[in-house]
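Asks:
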Amino acid sequence: MSYVEVPGAKVPIRMWADPASVEESAMRQLQNVATLPWIKGLAVMPDVHFGKGATVGSVIAMRGAVCPAAVGVDIGCGMSAVKTSLTANDLPGDLSRLRSKIEQAIPVGRGMHDDPVEPERFHGMATAGWDDFWSRFDGVAEAVKFRQDRATKQMGTLGSGNHFIEFCLDEAGAVWLMLHSGSRNIGKELADHHIGVAQKLAHNQGLVDRDLAVFIADTPQMAAYRNDLFWAQEYAKHNRALMMALFQDVVRKEFRKAKVTFEPVISCHHNYVSEERYDGMDLLVTRKGAIRAGSGDFGIIPGSMGTGSYIVKGLGNEASFNSASHGAGRRMSRGAAKRRFTAKDLEEQTRGVECRKDSGVVDEIPGAYKPIEKVIDQQRDLVEVVAKLKQVICVKG
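When the sequence shown is numbered by my numbering, its final residue is 400 and no position is left out of the sequence of numbers.
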């Protein structure tokens with residue numbers, strides 16, 4: 004489908020979703036965003052749903068301003084995937100050992116490494132900028148400085164919620180490794196700190212929603228936020244790279260006889276800010292639950308833990324600010340999912356996948372998400388499908 008345009012106060016709302024299918028609370032958030040004085044464009048992805056301040060699945064382009072709540076608290080959250088030389092025929096009948104080895108190598112939930120993981124131990128891992136990155140921790144907000152030890156030990160860890168590590172097969176039987184994570188606790192604490200700062204600024208007092216508080220260009224508060232934002236986005240990127248190296252290390256050891264090789268890793272943020280130019284204007288483009296889909300850009304759009312995912316290539320549609328959805332998108336809240344579904348339902352909906360099937364992850368049940376095939380179909384003018392993947396192992400926190 005192409006987009007549907009809904010009138011908004013300052014800009015039209017371009018929707019790659021049926022407005023009638025979007026919950027009222029999310030539509031209200033979109034209308035609120037369209038009232039911001041600095042806004043120059045708003046694009047809505049087919050996985051749109053209610054979030055804090057701004058909806059998940061929205062792309063907000065502003066001139067001279069950025070809204071930290073429109074980035075989300077998991078700054079730099081995103082996906083990585085890599086195709087391997089393994090095929091379905093290389094896999095054992097029982098995948099529980101492999102899942103266990105992955106969980107042993109990569110801490111999940113609130114877990115962290117006993118000692119910081121040094122990237123030098125992984126042959127061939129890109130470590131460019133590693134030392135420079137950590138040296139810049141001295142420049143982030145004083146409010147989070149005491150978290151440095153935790154931040155170093157959480158580098159290369161998964162987290163919880165909708166984050167995952169998966170072992171997948173494409174339609175030709177090739178094995179892919181995939182993971183989804185962000186900037187861990189340090190990113191959340193930086194986000195919470197700056198949202199609090201923004202909400203107290205004078206220019207934000209008349210906004211329709213205090214969660215839409217912004218920083219304005221050429222102010223010390225904006226400079227401080229940009230510094231911490233870009234550092235946290237880099238943290239998330241390094242975190243995924245280190246996890247992927249740990250994941251590949253497990254696979255090499257478990258399939259030693261196969262002498263596994265890996266293609267280049269595909270990686271993309273889906274909660275972040277980027278400086279981009281549209282219609283002759285330099286804009287700050289915030290993608291909250293959306294990936295960049297410029298012409299030729301590779302991206303990853305996952306479904307739920309029982310349905311599969313897509314590797315895509317961007318078509319460069321400027322109406323969406325070169326963006327696409329970041330996943331299937333929730334169709335019910337975590338609380339609603341826990342009330343509606345049971346561990347038995349989870350077991351049935353993840354049949355054939357080696358994964359947790361207990362009540363602790365019922366809120367991640369496939370039934371709580373929109374159908375990924377429909378979400379992909381609604382953005383055929385934004386991306387083309389390169390590969391369809393189906394998970395056989397899914398690790399969650």
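Note that beta-carbon positions come from the ideal geometry of N, C-alpha and C, so glycine has one too.
Check for me: the beta strand (DSSP E) holding S298 runs from which residue to which?
Replies: Taken as a continuous stretch (DSSP letters only), S298 belongs to no beta strand (DSSP E), as it is neither H nor E.
Asks: Along the chain, where does the alpha helix (DSSP H) containing K341 start, and where does it finish?
Replies: R337 to R343
Asks: Considering only C-alpha positions, which residue in the set E174, S328 and N242 is nearest to V111?
Replies: N242
Asks: Below 8 Å on the Cβ atoms is my contact criterion, and I expect V403 with L172 to pass it. Report the Cβ-Cβ distance as a whole number of Å.
Replies: Within the shown structure, residues of the chain are numbered from 4 to 400, placing residue 403 beyond reach of any answer.
Asks: Is it buried or exposed for V276, if we count other Cβ within 10 angstroms and need 16 for buried?
Replies: buried
Asks: In the segment 317-381, which residue ranges form an unbroken beta strand (DSSP E) of at least 3 residues, counting only runs that do not cross its ends?
Replies: 326-328
Asks: On a Cα-Cα basis, can you pick out the residue from T155, L161 and S323 that is closest to V120?
Replies: T155
Asks: Using DSSP with H/G/I as helix, E/B as strand and the rest coil, what is K148?
Replies: helix
Asks: Give every residue of the same chain whose Cβ lies closer than 7 Å to the Cβ of V14, excluding the five residues on either side of it in the sequence, and list them in chain order.
Replies: A37, I42, K43, G44 and L45
Asks: How would you call K262, buried or exposed, if buried means at least 16 neighbouring beta carbons within 10 angstroms?
Replies: exposed
Asks: Rounded to whole angstroms, what is the Cα-Cα separation between V74 and Y6?
Replies: 23 Å
Asks: Check whether the segment 355-367 and the segment 297-317 are in contact - that is, three or more C-beta pairs closer than 8 Å.
Replies: yes
Asks: How would you call V211, buried or exposed, if buried means at least 16 neighbouring beta carbons within 10 angstroms?
Replies: exposed
Asks: Could you check if Q382 is buried or exposed, using at least 16 other CB atoms within 10 Å of its CB as the buried criterion?
Replies: buried
Asks: Going residue by residue through the segment 52-111, where are the continuous beta strand (DSSP E) segments of at least 3 residues, counting only ones entirely within it?
Replies: 59-65 and 81-90
Asks: Just verifying my parser: in three-state terms, what is the DSSP assignment at E387?
Replies: strand
Asks: Determine the DSSP secondary structure at F250, reduced to helix, strand or coil.
Replies: helix
Asks: Please name the residue or residues paired with S270 in a DSSP beta bridge.
Replies: Paired residue(s): S83.
Asks: Between which two residues does the beta strand (DSSP E) carrying D285 extend?
Replies: M284 to K291
Asks: Can you tell me the Cβ-Cβ gap for I304 and S326, rounded? I've got them flagged as a contact below 8 Å.
Replies: No, I304 and S326 are not in contact; Cβ-Cβ is about 12 Å, not under 8 Å.
Asks: Please work out which residues of its chain come closer than 7 Å, Cβ to Cβ, to H197, disregarding the five sequence neighbours upstream and downstream, and give them in chain order.
Replies: Cβ neighbours of H197 beyond the five flanking positions: P71, Y228 and D231.
Asks: For K291 versus G79, is the C-beta distance shorter than 9 Å?
Replies: no
Asks: Report, in whole angstroms, the separation of the C-beta atoms of E174 and K391, which I expect to be a contact under 8 Å.
Replies: 6 Å
Asks: So what's V211 in DSSP terms, helix, strand or just coil?
Replies: coil
Asks: Would you check if there are 3 or more beta carbon pairs closer than 8 Å linking the segment 139-148 to the segment 187-203?
Replies: yes
Asks: I'd like the span of the beta strand (DSSP E) that includes S138, first residue to last.
Replies: Secondary structure note for S138: it is in no beta strand (DSSP E), and the uninterrupted alpha helix (DSSP H) holding it is W133 to S138.
Asks: Given a cut-off of 9 Å on the beta-carbon distance, is the pair G162 and R187 in contact?
Replies: yes
Asks: Examine the Cβ distances between the segment 213-221 and the segment 101-110 and report whether three or more of them are shorter than 8 Å.
Replies: no
Asks: What first and last residue would you give for the alpha helix (DSSP H) that runs through D195?
Replies: R187 to Q202
Asks: How many whole angstroms separate the CB atoms of R359 and K399, which I take to be in contact at a CB cut-off of 8 Å?
Replies: 6 Å
Asks: In whole angstroms, what is the alpha-carbon distance linking K191 and D77?
Replies: 5 Å
Asks: Starting from V9, trace the beta strand (DSSP E) in both directions and tell me its first and last residue.
Replies: V7 to V9
Asks: In this structure, what does DSSP give as the bridge partners for R17?
Replies: E8 and A46
Asks: Please report the residue range of the beta strand (DSSP E) in which S184 lies.
Replies: A177 to S184
Asks: DSSP on S24, reduced to helix/strand/coil?
Replies: helix
Asks: Could you check where the beta strand (DSSP E) with D173 kicks off and where it finishes?
Replies: It spans F167 to D173 - the beta strand (DSSP E) in which D173 sits, taken as one unbroken run.
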